[in-house]
Amino acid sequence: MGKLWQRSRDDQDQSRLAAVDLAALKIDRPSVIFLTGFFTYDDTPEYIAGALKTMEDLVDKAPGDTSNTNVYAWSHAGLKEVFNLAAYDAMPSRRASHNGFDLAKALIMPLVAEGFTQNENGKVSGTPLPLDAARKNLRNITFFGYSAGTITAQ
Numbered sequence: 002m003g004k005l006w007q008r009s010r011d012d013q014d015q016s017r018l019a020a021v022d023l024a025a026l027k028i029d030r031p032s033v034i035f036l037t038g039f040f041t042y043d044d045t046p047e048y049i050a051g052a053l054k055t056m057e058d059l060v061d062k063a064p065g066d067t068s069n070t071n072v073y074a075w076s077h078a079g080l081k082e083v084f085n086l087a088a089y090d091a092m093p094s095r096r097a098s099h100n101g102f103d104l105a106k107a108l109i110m111p112l113v114a115e116g117f118t119q120n121e122n123g124k125v126s127g128t129p130l131p132l133d134a135a136r137k138n139l140r141n142i143t144f145f146g147y148s149a150g151t152i153t154a155q
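Take a look at the structure:
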């Protein structure tokens, strides 16, 4: 499975890259999720940091106050995921992106359902939020896909 990453600054103002715990993540303010390309793997921190920097620069240039916006980047576990993405691209009605399911479970479902959980057998439970609350929550998330990231988003 791929990973979600975020950059922060230490007390010497040095950039630090950290994997995000999807189980603990709560989207409660504007957030951009950059679904990266083929060669941004979990073990290529320089590509992950570069992806985050590019997206942070784009967000900084957006109109309005973007200082409250979180920026994240998704990396791929490795080359084998490229083959899974290619299979989906070739047969979208028969395949699904496992990363897409993981991202939806961690990022989207908590925004539209209260108490959302999935057990070890894959059974999901939760109470749908009122439509207006779900709409308001979903305004906080923007997906930006590039290359393989567009397949993950689909």
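Sequential numbering of the sequence shown, starting at 2, is according to the working numbering.
In this text, a Cβ means the ideal position worked out from N, Cα and C, and glycines have one as well.
Through-space distance from residue j to residue i, alpha-carbon basis
{"i": "Glu82", "j": "Tyr147", "result": "15 Å"}
{"i": "Gly65", "j": "Asn122", "result": "45 Å"}
{"i": "Leu59", "j": "Val72", "result": "10 Å"}
{"i": "Phe145", "j": "Leu36", "result": "6 Å"}
{"i": "Ala154", "j": "Leu132", "result": "23 Å"}
{"i": "Pro31", "j": "Phe117", "result": "21 Å"}
{"i": "Gln15", "j": "Ala87", "result": "37 Å"}
N- and C-terminal bounds of the alpha helix (DSSP H) containing residue i
{"i": "Tyr48", "result": "46-62"}
{"i": "Ile109", "result": "Where Ile109 is concerned, there is no enclosing alpha helix (DSSP H), given that its DSSP letter is neither H nor E."}
{"i": "Gly79", "result": "Here Gly79 belongs to no alpha helix (DSSP H), and DSSP marks it neither H nor E."}
{"i": "Ala105", "result": "It is not in any alpha helix (DSSP H) - Ala105 carries neither H nor E in the DSSP assignment."}
{"i": "Ala149", "result": "149-154"}
Option in the options with minimal Cα separation from residue i
{"i": "Asn120", "options": "Gln13, Lys106, Val113", "result": "Lys106"}
{"i": "Asn141", "options": "Val113, Pro129, Glu57, Trp6", "result": "Val113"}
{"i": "Ala19", "options": "Phe39, Phe40, Asp44", "result": "Asp44"}
{"i": "Asp22", "options": "Leu104, Asp61, Asp14, Met56", "result": "Leu104"}
{"i": "Pro111", "options": "Gly127, Phe40, Tyr48", "result": "Gly127"}
{"i": "Thr67", "options": "Ala91, Val33, Val125, Met92", "result": "Val33"}
Beta-carbon proximity of residue i to residue j, cut-off 8 Å
{"i": "Ala97", "j": "Tyr89", "result": "yes"}
{"i": "Arg8", "j": "Ala50", "result": "yes"}
{"i": "Ser94", "j": "Lys4", "result": "no"}
{"i": "Trp6", "j": "Leu53", "result": "yes"}
Extent of the continuous beta strand (DSSP E) to which residue i belongs
{"i": "Leu5", "result": "4-10"}
{"i": "Phe39", "result": "Neither: Phe39 is in no beta strand (DSSP E) and is coded neither H nor E."}
{"i": "Arg17", "result": "16-20"}
{"i": "Gly127", "result": "125-129"}
- Message: Taking contact to mean 3 or more Cβ pairs, one atom from each stretch, closer than 8 Å, check whether the segment 14-27 and the segment 132-140 are in contact.
- Response: no
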